[in-house]
Amino acid sequence: MIPTTEEAAAMAKHIKIAIGDQEKDESINHILLGGWGLTYLHEPAWSGLKMGVYSRVVNGVTEYALVNRGTDGNLTIVDDVIQAFGMSQALSESMDFARSFVNNHEGFEVTMVGHSKGCLEATWNAIVTGTNCITFNPMVITVLSRDVVCYMSSLVTYQGLLAKGEVTMTHHVVEGEYLNRIFGNSIIGETKFLKSPYKPTLQGRLLGLGFGFSGLFTFGGVYFENHNIDTVQTALLLANPRLVR
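With positions in the sequence shown counted from 1, the corresponding number in my numbering is that position plus 300.
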C-alpha cells in the first residue's frame, strides 16, 4: 500500500512544523491520518533541505514515506525558480538521502511526498529510486532544467515504469495556484486538479486583462493562498468530505 492523497497531504503539512526532537517536539509522537508518524528528521544545515521519514505498520508490515518540506515563510518564489533550473544544493542532497534510504530498506514500500519546492525534490527522489510519488502544488520538472540532461537515463527508465503501471506519480494542483500558472504541468507523471475553495476576484480579472496575463491573475490576490498546503487540504475536504480530518 501507499499513502492515500489525504494521508500524504497531512504529512506534507506536518513536516513544516516538525523539529524531530523527542523532548521538545510532541508532534513527533503524534499519529497522523492513516496511522502515519514521523520517525526521523533529516535537515542538514548547509543545504536548506528538510525531509522527514514517516512510517506506519499495517498487518505487521512497515511502510515508509519520505516527505520533503516546501518553501517556508522566509523564502520566496526565487527559491522555487532556482530548483526549476536544477541549481539547488538541497535537491542534490535530497536525492542522495533518498537513494541511501531506499537501498537500505530493500523490500519495503517507500513513497515520496512533497509540497511546493519539496515536490521537485520528491519527484526526483522517486525517479532516481524507482518509487511511487505524491505531490501537491508542485514546482515541476521543466525541459529547461539541467537535471533533465544529467539524469536523462533515470528519467527514461522511470517513464517506462509508469507506462507499465509498476509505479505511480501524481501531482495534485489547486486551480489558480501560481506555480502551475507560471510553469505548467510536470513533464512526467499525472497532474490532477482540485477545485479552489476561493472564488476569482473582480480585481484579479481586471488586472489580468490589463496586463495580458488573465491565466495567472484570474484568482487575483488568492492565487498565492491557493498554493498553501492548508488550501490543498481544504480542497481535498471539499472533494472528499469523509476522508480528511
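Ideal placement from N, C-alpha and C gives every residue a C-beta, glycine not left out.
Local conformation of residue i per DSSP, three classes
i, result
"residue 332", "coil"
"residue 351", "strand"
"residue 412", "strand"
"residue 345", "coil"
"residue 369", "coil"
"residue 397", "helix"
"residue 551", "Because residue 551 is not part of the residues shown, which for the chain are 301 to 545, the question remains open."
"residue 539", "helix"
"residue 528", "coil"
"residue 392", "helix"
"residue 534", "helix"
"residue 514", "Since pLDDT at residue 514 reaches only 43, below the 50 mark, its modelled position is unreliable, and the value read off the structure follows with that caveat. In this structure, residue 514 counts as helix in the three-state DSSP scheme."
"residue 509", "Confidence is the limiting factor: at residue 509 the pLDDT is only 43, short of 50, which leaves the residue's position unreliable, though a coordinate-based value still follows. The answer is helix: DSSP assigns residue 509 an H, G or I state."
For residue i, the first and last residue of its enclosing alpha helix (DSSP H)
i, result
"residue 405", "It is not in any alpha helix (DSSP H) - residue 405 carries neither H nor E in the DSSP assignment."
"residue 305", "305-317"
Distance between beta carbons of residue j and residue i, contact taken as under 8 Å
i, j, result
"residue 391", "residue 346", "About 13 Å separates the two Cβ atoms, so there is no contact after all."
"residue 456", "residue 431", "In fact, because the Cβ distance is near 16 Å, the residues do not count as touching under 8 Å."
"residue 540", "residue 306", "7 Å"
"residue 433", "residue 395", "Going by Cβ atoms, the distance from residue 433 to residue 395 rounds to 13 Å, so no, they are not a contact pair."
"residue 354", "residue 337", "6 Å"
"residue 301", "residue 413", "That pair is no contact at about 14 Å."
"residue 314", "residue 364", "At roughly 15 Å, the Cβ-Cβ gap does not stay under 8 Å, so residue 314 and residue 364 are not in contact."
"residue 471", "residue 484", "That belief does not hold up - the Cβ atoms of residue 471 and residue 484 are roughly 11 Å apart, past 8 Å."
Residues bridged to residue i [DSSP beta-bridge criterion]
i, result
"residue 356", "363"
"residue 340", "353"
What are the uninterrupted segments assigned as alpha helix (DSSP H) that are 4 or more residues long and contained completely in the segment 413-493, given in chain order?
Correct list: 417-429, 446-450, 452-464 and 478-483.
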